[in-house]
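*Asks:*
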Amino acid sequence: MNTASGEPVEEKKSLNFLEQLVEEDVKAGKNNGKVHTRFPPEPNGYLHIGHAKAICIDFGMAKDFGGKTNLRFDDTNPAKEETEYVDSIKEDIKWLGFDWDDREFYASDYFEQLYNWAVKIIKAGNAYVDDQSSDTIAEQKGTPTTPGTESPFRNRSVEENLDLFERMKNGEFEEGSKVLRAKIDMASSNMHLRDPLMYRILKKAHHRTGNKWCIYPMYDYAHGQSDYIEGITHSLCTLEFEVHRPLYNWFLEQVYEEGKPKPRQIEFARLNLSYTIMSKRKLLELVKDKHVSGWDDPRMPTLSGMRRRGYTPASIRNFVDTIGVTKTDGVSDVLLLEHSVRDDLNKIAPRVMAVLNPLKMIITNYPEGKTEELETPNNPEDENAGSRMIPFSREIYIEQEDFMIDPPGKFFRLAPGKEVRLKSAFIVRCDDYKMNSTTGEPEEIYCSYFPETRSGGSEANRKVKGTLHWVSVPQALKAEVRLYDRLFSDPEPDGHKDVDFKEFLNPDSLKVSECYVEPGLATAKALEHFQFQRIGYFNVDPDSRPGKLVFNRTVALKDSWAKAGA
RNA sequence: UGUCCUGUGGUGUAAUUGGCAACACGUCUGAUUCUGGAUCAGAAGAGUUCAGGUUCGAGACCUGACAGGACAACCA
19 MNTASGEPVE EKKSLNFLEQ LVEEDVKAGK NNGKVHTRFP PEPNGYLHIG
69 HAKAICIDFG MAKDFGGKTN LRFDDTNPAK EETEYVDSIK EDIKWLGFDW
119 DDREFYASDY FEQLYNWAVK IIKAGNAYVD DQSSDTIAEQ KGTPTTPGTE
169 SPFRNRSVEE NLDLFERMKN GEFEEGSKVL RAKIDMASSN MHLRDPLMYR
219 ILKKAHHRTG NKWCIYPMYD YAHGQSDYIE GITHSLCTLE FEVHRPLYNW
269 FLEQVYEEGK PKPRQIEFAR LNLSYTIMSK RKLLELVKDK HVSGWDDPRM
319 PTLSGMRRRG YTPASIRNFV DTIGVTKTDG VSDVLLLEHS VRDDLNKIAP
369 RVMAVLNPLK MIITNYPEGK TEELETPNNP EDENAGSRMI PFSREIYIEQ
419 EDFMIDPPGK FFRLAPGKEV RLKSAFIVRC DDYKMNSTTG EPEEIYCSYF
469 PETRSGGSEA NRKVKGTLHW VSVPQALKAE VRLYDRLFSD PEPDGHKDVD
519 FKEFLNPDSL KVSECYVEPG LATAKALEHF QFQRIGYFNV DPDSRPGKLV
569 FNRTVALKDS WAKAGA
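In structure tokens:
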């Protein structure tokens, strides 16, 4: 944008609350004005659209302030974590368009350091080994409204604690028989400060450290210290960690050395999407119980599922950008997401001819056996997209719903006696039709065409209300289409206390059928995007094979005719 | 009956030393179109959860309600 004088005008976009806080820190010279963030997934599931928001924020914030972002796997629980998830997470972040360079870290890389710091905290008298069972510890925790009670082991000597903790590490005790706890305040109004666990005994192999350790640090202890080790300045996370912040800071103070970057935790609202569930546990349930074909089922809100469905990285980034960053948790409408894909695909997806529910049209005055090639633009929204040739002949398929024997007033399509344009071809008039005696539906329609109305021809400018897409019968390719719809029929499937979210599974979320597509699609590659003209955006499923094409519907085109309730 | 956080059109957000509530999506008109798409023009829709207070002036500041969310895993 420019002013009359040619001066560039800064498009003033207001900063979100996170950017404001970070900017204040930078201006105040904290951490020498540096900004370094991290994205810390736990490798226990696939990334979903909610993670995409966090990724965009973590990487975007650093980029905006000239800093870097680390990828750190928060792998402190060997019982749940697997390498399969590590690989998929890396693939998804790259696909989304972000890069961590060589800064790929693991909390498990820090186990030794974390252990040494724990020893230091014990020596300072701020941690102790507790011999009680988890049930007893839970009981002593109190409730949000009543204070907890102190463990009888709370005041063991430093020497005894040191000895016990080392023996815990050496595997001398059974799983669950001892834990290391921070000694803070059993009466705190913040439950997380009531002597939280730092370490538990887990005799399980870890996906990276194998059997080297049999004690593993808890999230609160490991996460903040990992931030500190990596020189993270801003530890951005979701709102549910808000109450953890005092503990985050407490642990940090135990080991902090002057002059080093001091990470600051700031929380933002996680993404909630209507008609969608975001819980990893529940998504896993859908996979395990075979309600979907896998983590990458195109109906899943996972990034791998959305990629397969035909969502583009840009559409997801734009979506995240439009919903913004705040501390108010609400539910964003999937409509915004869908608008975002349409918007992106409209600009980049080549238009092709495809007929989902074929109805044969015979053009009675077109020479039998003749075929001609007609030129059609690849994408009218993109001047550089060029054009291609498509075959036309005496018999073509049109969409069943584009023909009505007795149409209502504003029906712009084909009906007996009416004229319509065939996209990039001719204007035709319907003269007659044949009914199928068993179905009671039209089976074939007979039309005459007007040779001079060919696109670019002398009568091409004749006004007709409707334009139909079509596919020439002899050259048509048969393909499979998978028509996807929302996985759930309720706006908040997991928002009902007494009803299981699976009750809201949409039985029509997938309809598989056959269609006819133009011959040029024979060479379409997996994940390639197209617009099936007048129908919707589709992409090629990885299941697709030469001779057995498979298309997924990403999202339908907006349809004001259907919406009018016709 | 605790502590912390949050309340702005249907939805998501904006209003940066207090100054006539803005934008996007959606909705509805109309124009245009060889996609009933896209595009363009326009309209409706909130007086900012409520009640007090400070002020010439409050969405913003103060007080008190109310509503929603988070927190009592050897999960992250």
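My numbering applies: residue 19 is where the first sequence begins, and numbers increase by one.
A virtual CB, placed ideally from N, CA and C, is assigned to each residue, including glycine.
One question on the structure: do G328 and R571 come within less than 9 Å of each other, judged by their Cβ atoms?
*Replies:* What you label residue 328 is simply residue 310 of the first sequence in a count that begins at 1. What you label residue 571 is simply residue 553 of the first sequence in a count that begins at 1. It is a contact, given that the beta carbons lie within the stated cut-off.
*Asks:* Would you identify the three-state DSSP class for H487, choosing helix, strand or coil?
*Replies:* Counted from its first residue, the first sequence places residue 487 at position 469. Note: H487 maps to coil in three-state DSSP.
*Asks:* Would D213 and S169 be called neighbours here (beta carbons separated by less than 9 Å)?
*Replies:* For this step, residue 213 is matched to residue 195 along the first sequence. For this step, residue 169 is matched to residue 151 along the first sequence. Taking 9 Å as the Cβ cut-off, D213 and S169 qualify as a contacting pair.
*Asks:* Whole alpha helix (DSSP H) runs in the segment 254 to 304 with 4 or more residues, listed along the chain?
*Replies:* 263 to 273
*Asks:* Between the alpha carbons of A574 and I553, how many angstroms are there, rounded?
*Replies:* By 1-based counting over the first sequence, the position of residue 574 is 556. By 1-based counting over the first sequence, the position of residue 553 is 535. So the two alpha carbons sit approximately 6 Å from each other.
*Asks:* Mind checking which residues open and close the alpha helix (DSSP H) that includes G554?
*Replies:* As a first step, residue 554 is located in the first sequence; it is residue number 536 there, counting from the start. Taken as a continuous stretch (DSSP letters only), G554 belongs to no alpha helix (DSSP H), being part of the beta strand (DSSP E) at 554 to 558.
*Asks:* On the DSSP bridge assignment, give the partners of T394 in chain order.
*Replies:* Counting from 1 along the first sequence, the entry for residue 394 is found at position 376. DSSP lists R406 as partners of T394.
*Asks:* Three-state secondary structure (DSSP) at Y128?
*Replies:* Here residue 128 corresponds to residue number 110 of the first sequence, with the count starting at 1. Helix, per DSSP.
*Asks:* Using the beta-carbon count (16 or more within 10 Å), is P162 buried or exposed?
*Replies:* For this step, residue 162 is matched to residue 144 along the first sequence. Burial call: exposed.
*Asks:* Fully enclosed by the segment 425 to 507, which beta strand (DSSP E) runs are 3 residues long or longer?
*Replies:* 437 to 440, 445 to 453, 460 to 468, 495 to 502
*Asks:* Using CA coordinates, which residue listed in V104, C255, R447, N62 is at the minimum distance from M379?
*Replies:* As a working note, residue 379 is residue 361 in the first sequence. Checking every option, the nearest Cα to that of M379 belongs to R447.
*Asks:* List the whole-angstrom C-beta distance separating E386 from S405, where the pair is believed to meet the contact cut-off of C-beta under 8 Å.
*Replies:* Taking the first residue of the first sequence as 1, we reach residue 386 at position 368. Taking the first residue of the first sequence as 1, we reach residue 405 at position 387. That pair is no contact at about 28 Å.
*Asks:* Keeping to the same chain, check which residues put their C-beta closer than 7 Å to that of V310; ignore five residues upstream and five downstream.
*Replies:* On the first sequence, residue 310 is found 292 positions in, with the first residue counted as 1. Closer than 7 Å at Cβ, skipping near neighbours: L304, R317, M318.
*Asks:* Would I73 pass as a contact of I111 if the rule is Cβ separation under 9 Å?
*Replies:* The residue you call residue 73 lines up with position 55 of the first sequence. The residue you call residue 111 lines up with position 93 of the first sequence. The answer is yes: Cβ separation under 9 Å.
*Asks:* Under DSSP, the beta strand (DSSP E) around A145 begins and ends at which residues?
*Replies:* Along the first sequence, one-based indexing puts residue 145 at 127. First-last of the beta strand (DSSP E) with A145: 145 to 148.
*Asks:* If L440 sits next to L495, beta carbons under 8 Å apart, how far is it from one beta carbon to the other, in whole angstroms?
*Replies:* As a first step, residue 440 must be located in the first sequence, where it is residue number 422. As a first step, residue 495 must be located in the first sequence, where it is residue number 477. L495 and L440 do not touch by the CB rule: their CB atoms are close to 18 Å apart, not below 8 Å.
*Asks:* Please work out which residues of its chain come closer than 7 Å, Cβ to Cβ, to R480, disregarding the five sequence neighbours upstream and downstream, and give them in chain order.
*Replies:* Counting from one through the first sequence, the residue named residue 480 turns up at place 462. Hits under 7 Å: I445, T471.
*Asks:* Which residue wins for smallest C-alpha separation from S411, given the options A582, V359, A367, C465?
*Replies:* Taking the first sequence and counting its residues from 1, the one referred to as residue 411 is at position 393. Ranking A582, V359, A367, C465 by Cα distance to S411 puts C465 first.
*Asks:* Can you tell me whether N20 is buried or exposed? The criterion is at least 16 other CB atoms within 10 Å of its CB, across all chains shown.
*Replies:* Locating residue 20 in the first sequence gives position 2, where the first residue counts as 1. Only weak support is given to the placement of N20: the predicted model assigns it a pLDDT of 37, under 50, and the value that follows is read from those uncertain coordinates. Flag for N20 reads exposed.
*Asks:* So, for V352: in the same chain, excluding its five sequence neighbours on each side, which residues have a beta-carbon less than 6 Å away from its beta-carbon?
*Replies:* Start at 1 with the first residue of the first sequence, and residue 352 comes out as number 334. Correct list, in chain order: L291, S292, Y293.
*Asks:* L289: buried (16+ other C-beta within 10 angstroms of its C-beta) or exposed?
*Replies:* Mapped onto the first sequence, residue 289 falls at position 271. It is buried - the Cβ of L289 has at least 16 other Cβ atoms within 10 Å.
*Asks:* For Y534, which option in Q551, T330, L36 has the closest C-alpha, if you only look at C-alpha atoms?
*Replies:* Counting from one through the first sequence, the residue named residue 534 turns up at place 516. Y534 has its Cα closest to that of Q551, out of Q551, T330, L36.
*Asks:* Please go through the same chain and pick out, in chain order, the residues whose beta-carbon is closer than 8 Å to the beta-carbon of E391, but skip the five residues on each side of it.
*Replies:* Position 373 of the first sequence, counting from 1, holds the residue named residue 391. Hits under 8 Å: M407, I408, P409, F410.
*Asks:* Among residues of its own chain, excluding the 5 on either side of Y451, which ones have a beta-carbon nearer than 6 Å to its beta-carbon?
*Replies:* Taking the first sequence and counting its residues from 1, the one referred to as residue 451 is at position 433. Once the five neighbours on either side are set aside, the close Cβ partners of Y451 are P460, I463.
*Asks:* Buried or exposed for V27, please, with buried defined as at least 16 other CB atoms from any protein chain shown within 10 angstroms of its CB.
*Replies:* Stepping through the first sequence from its first residue, residue 27 is reached at position 9. Only weak support is given to the placement of V27: the predicted model assigns it a pLDDT of 42, under 50, and the question is left unresolved by the model.
*Asks:* What would DSSP say about I366, mapped onto helix, strand or coil?
*Replies:* Residue numbering aside, residue 366 sits at position 348 when the first sequence is read from its first letter. Shown here, I366 sits in a helix according to DSSP, grouped into three states.
*Asks:* When you compare each of P469, R360, V491, W579 to N557 by their alpha carbons, which one comes out closest?
*Replies:* Looking up residue 557 in the first sequence gives position 539. Looking at the Cα atoms, R360 is the closest of the given residues.
*Asks:* Assign E179 to one of three DSSP states: helix, strand, or coil.
*Replies:* As a working note, residue 179 is residue 161 in the first sequence. According to the sequence displayed, residue 179 carries Asn and not Glu. It is helical.
*Asks:* By DSSP's criteria, S350 is part of a beta bridge. Which residues make up the other side?
*Replies:* As a working note, residue 350 is residue 332 in the first sequence. In the DSSP assignment, S350 forms a beta bridge with L291.
*Asks:* According to the Cβ coordinates, are D518 and D503 closer than 9 Å?
*Replies:* Here residue 518 is taken as the residue at index 500 of the first sequence, counted from 1. Here residue 503 is taken as the residue at index 485 of the first sequence, counted from 1. Cβ atoms of D518 and D503: not closer than 9 Å.
*Asks:* Just curious, the beta strand (DSSP E) that F116 is in, first and last residue?
*Replies:* Taking the first residue of the first sequence as 1, we reach residue 116 at position 98. Looking at the DSSP string, F116 is not in any beta strand (DSSP E), and its letter there is neither H nor E.
*Asks:* Are the Cβ atoms of R90 and E248 separated by less than 9 Å?
*Replies:* On the first sequence, position 72 is the one that residue 90 refers to. On the first sequence, position 230 is the one that residue 248 refers to. Taking 9 Å as the Cβ cut-off, R90 and E248 qualify as a contacting pair.
*Asks:* In three-state terms, what does DSSP make of V573?
*Replies:* Reading the first sequence from its first residue, position 555 is the one you call residue 573. Strand at V573.
*Asks:* Would you mind reading off the limits of the alpha helix (DSSP H) that contains M590?
*Replies:* There is simply no residue 590 to check, as the chain begins at 19 and stops at 584 in what is shown.
*Asks:* With a 10 Å radius around its C-beta and 16 neighbouring C-beta atoms as the bar for buried, classify G348 as buried or exposed.
*Replies:* Counted from its first residue, the first sequence places residue 348 at position 330. Exposed, by the Cβ-count rule.
*Asks:* Short of 8 Å in beta carbon distance, which residues of its chain neighbour A403, apart from the five on each side in sequence? Order them along the chain.
*Replies:* In the first sequence, the residue the question calls residue 403 occupies position 385. Around A403: P368, P395, N396, N397.
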